[in-house]
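Have a look at the structure below before the remarks.
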Amino acid sequence: MHAMQYAIALPADYDMRIIRNRVKSKGHLLDDFEGLGLKAYGIRERGVDGSPVNQYAPFYLWADPQAMNRFLLGDGFRGVVRDFGRPTVQHWQGLFHRPGPAACTPPRAFTRRTETLDERADVAAVAEQAVAAHEELATVDAVHTTALALDPRRWELVHFTLWADAAPRSAGDSYQVLHLSAPGTGLLGAGPQW
Numbered sequence: 424m425h426a427m428q429y430a431i432a433l434p435a436d437y438d439m440r441i442i443r444n445r446v447k448s449k450g451h452l453l454d455d456f457e458g459l460g461l462k463a464y465g466i467r468e469r470g471v472d473g474s475p476v477n478q479y480a481p482f483y484l485w486a487d488p489q490a491m492n493r494f495l496l497g498d499g500f501r502g503v504v505r506d507f508g509r510p511t512v513q514h515w516q517g518l519f520h521r522p523g524p525a526a527c528t529p530p531r532a533f534t535r536r537t538e539t540l541d542e543r544a545d546v547a548a549v550a551e552q553a554v555a556a557h558e559e560l561a562t563v564d565a566v567h568t569t570a571l572a573l574d575p576r577r578w579e580l581v582h583f584t585l586w587a588d589a590a591p592r593s594a595g596d597s598y599q600v601l602h603l604s605a606p607g608t609g610l611l612g613a614g615p616q617w
C-alpha cells in the first residue's frame, strides 16, 4: 500500500460549489481505476467544522505504486494541473490498512493527523504501537477505514481514517468526503505491511 495526498488551497471567498460540481461530474471516473485501493474526494470549507481554509485535498490509498504513477502522469491529473496548477503531492509508505464496521456505509468525513517522530525514538517500536492503535480504532462502529503510513524522509507517521459520520475533533484535520472511489480496497491487505 502507498498513501498519497495533495491539497489545493482556494481563496477564502471561493465558491465551493465549483469543487462539489467537479467531483459530482468527474468523481466516478476513478471508481474502477486498476491499482487504486481508494480515493476519498475531500474538501475543507472555511467556517465549517472548524476549518480555517477552503481546500480541495483528496486522499488516496494505492494497492500498486505503478497505478499511482499512471494516475499522476495521466489525463485525470493533467486536468487538475490545468485547472489549479501543479500541486505538491505528498506520498508515504503504507504500514497498515483495515476496514472498520462502517465499511459498507458511504463515509461523510476523513481525518488526517501527522505525528513527527522524536529523533531518539525507536521507529519500529513507535510504528508497532501505532499499528496496535489502528487495529483498535478499526473496531469502532463509526470507522469506515483506517490506515497508517510512514514518511522516512521527515520521519513522520500519517494517520488516516474515514468516518461514517462527522469525525471526532481529536482525530486530526477533518475533511468532508464528497465521493469515495474504492475499486480495490480488498487488494490493500488488512494487516501490517512491513
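Going by our numbering, the sequence shown opens with residue 424, and the numbers climb by one from there.
C-beta atoms are modelled at their ideal positions from N, C-alpha and C, and glycine is treated no differently.
All figures in this text were calculated on a predicted structure; none of them were measured in a lab.
Query                                                                                : Result
The beta strand (DSSP E) enclosing Pro597, as first and last residue numbers         : Note on identity: in this sequence residue 597 is Ser, with Pro being the wrong assignment. Looking at the DSSP string, the run of the beta strand (DSSP E) that includes Ser597 is Asp596 to Ser604.
Whole alpha helix (DSSP H) elements within the region 539-608, 4-residue minimum     : 546-560
N-terminal and C-terminal residue of the alpha helix (DSSP H) that Arg443 is part of : Arg440 to Lys449
Gly499 burial status per 10 Å Cβ neighbour count (16 or more: buried)                : exposed
Buried versus exposed, by CB contacts within 10 Å (16 or more), Leu452               : exposed
Counterpart residues of Asn477 in DSSP-defined beta bridges                          : Leu433
Exposure label - Ile441; buried when at least 16 CB within 10 Å                      : exposed
Exposure label - Pro575; buried when at least 16 CB within 10 Å                      : exposed
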